[in-house]
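Reading through the structure tokens given below for one structure.
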Amino acid sequence: MKTSTKKRPMNFTGMQQIDVPQGRNGKHKEIVTRILSDLDQIDDGVALKVPLAALADSKEKVRSALNRATRKGGLNVATASDDTFLYVWNELVPK
0 MKTSTKKRPM NFTGMQQIDV PQGRNGKHKE IVTRILSDLD QIDDGVALKV PLAALADSKE
60 KVRSALNRAT RKGGLNVATA SDDTFLYVWN ELVPK
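Given below as structure tokens:
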């Protein structure tokens, strides 16, 4: 039960819950989606060579976003980097 003796002014506007967007498209979604797509297509023992200049954000932030996406998808992926590229490959899981 809502009981209030005095109405205070609202700090934010309201909207119908049905109109609230449900998906989250972070700023790293495009590059992470492209990397994951390429990872699905490469052979074992091959690493993707992603130019750091192609990243909209720092390699650390993209690497973190990629890590979140791969953990969520149950993928085993490794990364490395140098001054020019971010390298990404599928790690082989021992049988």
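For the sequence shown, numbering that gives the first Met the number 0 begins at 0 and goes up steadily by one.
The C-beta atom is built at its ideal place from N, Cα and C for all residues, glycine as well.
The structure presented is a predicted model; accordingly, all values stated were derived computationally and were not measured.
Exercise. Would you call the stretch 65-82 and the stretch 29-39 in contact, with 3 or more CB pairs under 8 Å?
Worked result: They touch, by the three-pair rule.
Problem set entry | Which of helix, strand or coil DSSP assigns to V76 | The three-state reading of DSSP puts V76 in strand, counting E and B together.
Exercise. Using the C-alpha atoms, what's the distance from K5 back to A64?
Worked result: Those two C-alpha atoms are separated by around 45 Å.
Exercise. Does DSSP put V49 in a helix, a strand or coil?
Worked result: Under the three-state reduction of DSSP output, V49 falls in the strand class.
For this session: Specify, as a first and last residue, the run of the alpha helix (DSSP H) that V31 falls within.
Result: Residues 28-40.
For this session: Kindly list the residues whose CB is nearer than 8 Å to the CB of V31, restricted to its own chain and excluding five residues on each side of it in sequence; keep chain order.
Result: So the qualifying residues of the chain are V61, A64, L65, A68.
Exercise. Is DSSP giving V61 helix, strand or coil here?
Worked result: Helix.
Problem set entry | First through last residue of the beta strand (DSSP E) which encompasses F84 | Segment 84-89, the beta strand (DSSP E) holding F84.
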